[in-house]
Amino acid sequence: MDLDALAGCLSSSACLVTQTTSGFIIGMLLFLVAVGLTLIFGVLKVVNFSHGAFYMFGAYFAMTAYQLTGSFALAMLAGAAGTAILGLVFERVFMSRVYGADVLMQLLVCYAFVLIFDDVVRIIWGPEFKSMGMPSAFQVMPLFIAGGVVPPYYLLLIGVALVAAIVLGIGLSRSRIGKVIRAAAHNPGMVSALGINTGLIYGGVFALGGMLAGLAGALAAPVRSLTPGMGFSVLIESFIVTVIGGMGSILGALIGALLLGLIRSFGSLGFPLFTEGLMYLFMVIVLVSKPTGLFGKEAA
Amino acid sequence: MTRTRTPGISRRSTLALMGAGAMSVAAPWVARAQAKTIKIGMPTILSGRVAQLGTSSRNAVMLEVDKVNAAGGLAGRQIEMVIRDSKGQPQEAARVARELVNTDGCELLIDAEASSGAFAVHEVARDLGVFCIHTNSETSALTADPKQHIPNAFRTARQGVHDSIVGGSYAAAIAKAKGLKKWATCSPDYAYGRDTTGEFTLYLKRFAPEVEIISESWPKLFQPDYTEVVTKILQAKPQALYSCLWGGDLTSYIDQANIYAMFGQMEVFAVNMADYTALTVVKNLPKGIHSGNRYIKSFPATPVNAAWGDAYKAKYNEYPTNWSWENATAIMLMAEAAKKANSADGKKIAEVLKGLTIKCPFGADGTVTMRGDDHTLVGYAIGWGTTIPQEPYVPEIKAGDWKTIFELEAEWKKSKGYT
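Chains A and B are the protein sequences, given in the same order. Numbering-wise (full-length UniProt numbering), the first sequence opens with residue 1 and increments by one. Numbering-wise (full-length UniProt numbering), the second sequence opens with residue 1 and increments by one.
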């Protein structure tokens, strides 16, 4: 425990800027993965344990596209679009068959696919770790804001995730499709009776969730090493985020992810040997005081 | 009531049969010891973040095994390698090691695990009494601590304390020349990271007492994101940083530190950088990182070392790694010991191996020795230099002096209560 370092940081604007930005970077990347997880649970009522694999595929798709084209924008597009298609196919062919099944059965199917997807990546890209490398446009000096250090690439990352959050929030609450999705989440039977294709909605939501995780993977690819199985640790943290925020809540995922990012960022200064533990401790405190999570709704 | 003897099998025969059966269940490698082919079991990491290193261990072993088999085998017995993935998990490494011996009939073990799994496999070797060479674990305690010692286990990996003596004195000389007094450390949170960092700072301070460690970071092994670690180090404003992160963890760390322009703000000493695994994967390799040699075909600068590196590349289309030379050395030593013992029996190989010196491409003077008293490899090429972003990556490596290493290692062992 190093409370002096934490206190010193809290009284320094430079440190506050650096650590807060660092918390946002960690948090926003987690949000992109967690929001897909929470969305799929909210609408499809499936705990998609294979969700981390979409993050992994997003990173590999982006790396391959970047190697082939040298374009960062195309790399991001490949990561997001590729996982959206993968998500749609995966949902239609496999997941749609276990809706309504026992939760244990759903988890087993998802876990089987975690292993299968890892092996697929190993076969296609090889078992060794890969690095996409930072595009030259972002190989620039970091910005110094109030004495704090902020890399331009991370500003882009935070920006993209924020845009995704806003579009998703407005889209679900204001647009017609959003209303249908929310209706399907509450009463799929009624939506179906009105002549709306719920299968299409489910597939679309799964594709959207996969796309968001894939986008997160693509954004992480320039700064993280790529390896089969890389989605697992992200998945665990995303689960913590969704549990803290409340399963099914998009706002909860955003707040949960940001809180977790800030806990990691400032925790590494004050509690360097307990940063991981702090996350779990926070989750326990939230669950004990509000078992449905910060923004979760009580079961009817 | 009179007891009658059951006709057919006598009680003595039954007991003999039961004994033989029990023997074959309890120690099947004994029953199969006379087989012509000798199976060598090898748990290693073939999946996950460090799979490339496990694969390079397997490649190096196969390169040498092919040579041994072509030359007649291990004391006349052809070697069959049985290689299994431990996924880098200690419990899995131990399970696999036990299964290799008990189920697959392996008579010898090559434990190609990182330190996290090596200690687990060591306990299996202790329990089963099977011959075992640890090839990748660099944690000094594995062979330096007498409590760990078993007569049937050896190690061909470099040792953290050797690296730290050479690295500490190298870094201290630079610290003195450049006035680097404030240091930070960032190493993985497990036995190797903790021990090696402690040993490095011990010798850094010994040779440059004015040095002060102002910040320590201990990211967990295979952590995907180092942002909070990078910013923590930047907050501390050290003049120099030491890290023993390795493999994919090191490349992730470099990629993430690069965009904070960290390498321009402090002198960086990353002991595991000078390995082709990291050197060739990092896209924007910063110039001037200080590193210990891992596997570099230009150090030692001898034709045999360069030829070995080229032969490996010709076969596997990539350069070897630090784990490659450590595993190749294990086969070279086993083959020479079996030849001298005229037997592939683990106990006999172990007896001959103690104190054995062989010609080796990776030796500082062209030879390496399996030290008898603690069963660990000495005399291998060890040195430090600075990186450039293209081949030969570390153009000049300052070689460590084994006389100094031996002296300081003896002191260190005494201070730890090992002698």
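The C-beta atom is built at its ideal place from N, Cα and C for all residues, glycine as well.
The beta-bridge partner set that DSSP reports for Asn293(B) consists of Ala274(B). Counting C-beta atoms within 10 angstroms of its own C-beta, Leu200(A) has fewer than 16 neighbours from the protein chains shown and is therefore classed as exposed.
Non-local beta-carbon contacts of Pro303(B) in its own chain, meaning distances under 8 Å to residues more than five positions away in sequence, are absent. Taking 9 Å as the Cβ-Cβ cut-off, the stretch 198-232 of chain A approaches chain B at Ala220, Pro222, Val223, Arg224, Ser225, Leu226, Thr227, Pro228, Gly229, Met230, given in chain order.
Relative to the Cα of Leu279(B), the nearest Cα in the group Leu63(B), Ala301(B), Glu318(B), Ala307(B) belongs to Glu318(B). DSSP links Ile397(B) through a beta bridge to Gly385(B). Per DSSP, the beta-bridge partners of Ile110(B) are Ile133(B). A check of alpha carbon separations from Thr419(B) across Ala240(B), Asp145(B), Leu180(B) identifies Asp145(B) as the nearest.
Rounded to whole angstroms, Ala208(B) and Lys176(B) show a C-alpha spacing of 7 Å. Where Glu351(B) is concerned, the enclosing alpha helix (DSSP H) starts and stops at 346-353.
In the DSSP assignment, Tyr242(B) falls within the beta strand (DSSP E) that extends over 240-243.
Interface criterion not met: the Cβ of Trp323(B) is under 8 Å from no Cβ in chain A. Put simply, of Gly27(A), Leu10(A), Leu16(A) the residue whose alpha carbon is nearest the alpha carbon of Val160(A) is Gly27(A). Within the same chain, Cβ atoms closer than 6 Å to the Cβ of Ala338(B) are found at Leu74, Ala75, Ala344, Ile349, the five residues on either side in sequence being excluded. Neighbours of Arg264(A) in chain B, taken as residues at a C-beta separation under 7 Å, are given in chain order as Glu228. For Leu269(A), the nearest beta carbon of chain B is closer than 8 Å to its own beta carbon. In this structure, Ala80(A) keeps its C-beta atom at 8 Å or more from the C-beta atom of Tyr66(A). For Ser192(A), there is no enclosing beta strand (DSSP E); the residue is part of the alpha helix (DSSP H) that begins and ends at 188-193. Boundaries of the beta strand (DSSP E) harbouring Glu216(B): 212-217, taken from the DSSP string.
For the pair Met266(B) and Gln239(B), the CB atoms are nearer than the 8 Å cut-off. Ala146(A) places its beta carbon 8 Å or farther from that of Ser11(A). Listed in chain order, the positions of the stretch 140-153 of chain A with a beta carbon within less than 7 Å of a beta carbon of chain B are Met141, Pro142, Val149, Pro151, Tyr153. One finds Thr231, Leu234, Gln235 in chain B with Cβ atoms closer than 7 Å to the Cβ of Thr18(A), taken in chain order. Taking a contact as a CB-CB distance under 8 Å, the pair Thr292(A) and Ala213(A) does not count as one, their CB atoms being some 24 Å apart.
When DSSP reads this structure, Glu80(B) sits in a beta bridge with Lys39(B). Between Val50(B) and the set Ile331(B), Thr277(B), Ala410(B), Ile388(B), the nearest pair of CA atoms involves Thr277(B).
In the structure shown, Met211(A) adopts helical secondary structure according to DSSP, grouped into three states.
The shortest C-alpha to C-alpha distance from Gly178(A) to any of Val205(A), Tyr154(A), Met190(A), Pro152(A) is the one to Val205(A). DSSP places Arg155(B) in the strand class (E or B) of the three-state scheme.
Straight across, the Cα-Cα distance linking Ser233(A) with Gly117(B) is about 20 Å. Under DSSP, Val368(B) forms a beta bridge with Ile358(B). Cα atoms of Trp384(B) and Ile296(B): separation of roughly 11 Å, rounded to the nearest angstrom. By DSSP's assignment, Ile145(A) forms a beta bridge with Gly148(A). Counting only residues of its own chain and dropping the five nearest sequence neighbours on each side, Met283(A) has a CB closer than 7 Å to the CB of Ile240, Val243, Ile244.
Going by C-alpha positions, Val281(B) is about 13 Å away from Leu53(B). Within a 10 Å sphere around the beta-carbon of Arg176(A) sit fewer than 16 other beta-carbons, which makes this residue exposed.
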